[in-house]
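A.B. asks: My questions all concern the structure below.
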Amino acid sequence: MDSSNTFFWTFAYDFIRGPMAWIAFIVFFAGTLFQIFRLLSLTKEQSISKLTPGPGRFIPKRADNKDKKDWVMWLKLSIAGVNPFMTIVSTIFHVLLIVMPIFVLGHNILLDNSFGISIVSLSESVSDFLTIIVILCACIFLYRRLFLDRVKAITTWSDYFFLFLAAAPFVTGFLAYHQVFDNYRLIISLHILSGEFMLMAVPFTKFVHMIYIVIIRFTVVSEYSLGRGNRTW
Amino acid sequence: MFWKQSTAGVNTKEVKAILDEKETKMKLSLKACAHCTLCAESCFLFMGRNKDPKYMPSYKFLNSVGVLYKKKGKVDRLDLGEIRDLVWERCVLCTRCYCPVGVDIPEMIALARRVCRSQGVYPQYERD
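So the protein sequences, as listed, match chains A and B.
Quick note on numbering: the working numbering labels position 46 of the first sequence as 328, and the sequence is numbered without any gaps.
Quick note on numbering: the working numbering labels position 81 of the second sequence as 82, and the sequence is numbered without any gaps.
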């Protein structure tokens, strides 16, 4: 490696570790706030009017509590009941995708070195295991995209791209931790870079479903809304 | 497409005006669709047609409203005909479709119907 090359690498490495990380976090948080306010401005509050019974005969409540919500039937008809495997895979993938990076030991050491703060972290073997789980889940998603007719019918190139973008920080993190390749610095650079791109992509690309799902499912009133939605589009 | 699409017989400005009305919501919803296909089983037509992917709610809105926004309203009669078959024959707007992310699928189908209707493209039974 000649000197100009070394200089370039040092510069690039320092840039993606420093300013680029700040840019990524600022874009992520500002973009997320922007999308939250945009979604809230698209929807408006609506009072839920309850009808009171009018004159005439109406059906009395059953004494044997039979008209209670049938939770077993409800669960059977829900996505978890219809598609249990996919529900489990998807839930594990998304929870780990968001929660795990916060508790990785290496990340907490970086936080401690930079700001003197750190939180509880997972042991390295546990995070290693969880990383494999995330990569496995991503592989299942990839398998569905490649071979399931129903998924193939609506798959575009961007679906593959964003699946790879979501899995990339985990794959490169795994490779870097195990030092699979000699060039550790290259792999860790790719790890940081893919993480930064992923963060910046959240508010503005397909990843926006992360914000959309929270705002819409919890605030917009519908048969399927979670919590107490009282807004409408 | 390499050749210029003939939009004769379609008032593209009118189509664009309808699309613009709900642009933010629709574009955001189209983007939020993760193409997960978990909405499929909530459509009784999908279940009734031997789980044909063409009856998936997501397939239906991506190929109707999705196409309209992608082409910015510059569609030809053929496109509108395909959209008509999609939003009237493969969807009855029963509004029972369920999206885990919360995409408002019925409204998207309704918008596609509105665009088609504005251009005089609709099934025979709606003419009276």
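Every residue, glycine too, gets a C-beta built ideally from N, C-alpha and C.
Between the stretch 392-403 of chain A and the stretch 422-434 of chain A, do three or more beta carbon pairs fall short of 8 Å?
C.D. replies: no
A.B. asks: Here's a check: name, in chain order, each residue in its chain whose Cβ is nearer than 7 Å to the Cβ of R115 (chain B), leaving out the five neighbours to either side.
C.D. replies: I19
A.B. asks: Where are the alpha helix (DSSP H) runs, 4 residues long or more, that stay fully inside the stretch 52-94 of chain B, in chain order?
C.D. replies: 58-63, 66-71, 78-85
A.B. asks: Quick one: complete beta strand (DSSP E) runs, 3+ long, within the stretch 411-450 of chain A?
C.D. replies: none
A.B. asks: Mind listing the chain B neighbours of V502 (chain A)? Cutoff is C-beta to C-beta under 9 Å, in chain order.
C.D. replies: G103, D105
A.B. asks: In terms of DSSP beta bridges, what is E327 (chain A) paired with?
C.D. replies: A:R513
A.B. asks: Quick one: which chain B residues come within Cβ less than 7 Å of T437 (chain A)?
C.D. replies: H36
A.B. asks: Consider the Cβ of T487 (chain A): report whether some Cβ of chain B lies at a distance smaller than 9 Å.
C.D. replies: Closer than 9 Å to some Cβ of chain B, the Cβ of T487 (chain A) qualifies, so yes.
A.B. asks: Under a CB-based cut-off of 9 Å, is Y99 (chain B) close to chain A?
C.D. replies: yes
A.B. asks: Report the option in B:L29, B:L112, B:S7, B:P124 whose CA atom is closest to the CA atom of T325 (chain A).
C.D. replies: B:L29
A.B. asks: Contact check, F297 (chain A) vs M482 (chain A) under 8 Å by CB: the rounded distance?
C.D. replies: With a Cβ gap of about 15 Å, F297 (chain A) and M482 (chain A) do not count as contacting.
A.B. asks: Looking at chain A, is there any beta carbon in it that lies within less than 9 Å of the beta carbon of P54 (chain B)?
C.D. replies: Yes, P54 (chain B) counts as interfacial toward chain A.
A.B. asks: Which residues in the same chain as A303 (chain A) place their Cβ atom closer than 8 Å to its Cβ, once the five residues preceding and following it in sequence are excluded?
C.D. replies: I474, E478
A.B. asks: Quick check on this structure: which residue in A:I498, A:L468, A:V490, A:F316 has the alpha carbon closest to the alpha carbon of T288 (chain A)?
C.D. replies: A:L468
A.B. asks: What would DSSP say about V104 (chain B), mapped onto helix, strand or coil?
C.D. replies: coil
A.B. asks: Quick check on C419 (chain A): buried or exposed, where buried means 16 or more other Cβ atoms within 10 Å of its Cβ?
C.D. replies: buried
A.B. asks: Tell me the DSSP secondary structure of V484 (chain A) in three-state form.
C.D. replies: coil
A.B. asks: Please work out which residues of its chain come closer than 6 Å, Cβ to Cβ, to T142 (chain B), disregarding the five sequence neighbours upstream and downstream, and give them in chain order.
C.D. replies: This structure leaves residue 142 (chain B) out entirely; chain B is present only between 2 and 129.
A.B. asks: Starting from the beta carbon of I361 (chain A), find every residue of chain B whose beta carbon is closer than 9 Å, and list them in chain order.
C.D. replies: L39, C40, E42, S43, Y99, P101
A.B. asks: Under DSSP, the alpha helix (DSSP H) around P366 (chain A) begins and ends at which residues?
C.D. replies: 366-385
A.B. asks: Can you give the Cα-Cα distance for V440 (chain A) and P58 (chain B), rounded to whole angstroms?
C.D. replies: According to the sequence provided, residue 440 (chain A) is Ser. The question's Val does not apply to it. Approximately 20 Å between the Cα atoms of the pair.
A.B. asks: For T369 (chain A), which of A:I422, A:S471, A:V503, A:Q461 has the nearest alpha-carbon?
C.D. replies: A:I422
A.B. asks: Give the DSSP bridge partners of V502 (chain A), in chain order.
C.D. replies: DSSP, once it has assigned bridges, lists A:R513 as partnering V502 (chain A).
A.B. asks: For W178 (chain B), does the count of other Cβ atoms within 10 angstroms reach 16, so buried, or fall short, so exposed?
C.D. replies: With chain B covering 2 to 129 only, the question about residue 178 (chain B) has no answer from this structure.
A.B. asks: Helix, strand or coil: which one does DSSP assign to I474 (chain A)?
C.D. replies: helix
A.B. asks: Counting contacts by CB-CB distance shorter than 9 Å, is T25 (chain B) in contact with chain A?
C.D. replies: yes
A.B. asks: Use the C-beta contact count for Y126 (chain B): other C-beta atoms within 10 angstroms, 16 or more gives buried, fewer gives exposed.
C.D. replies: exposed
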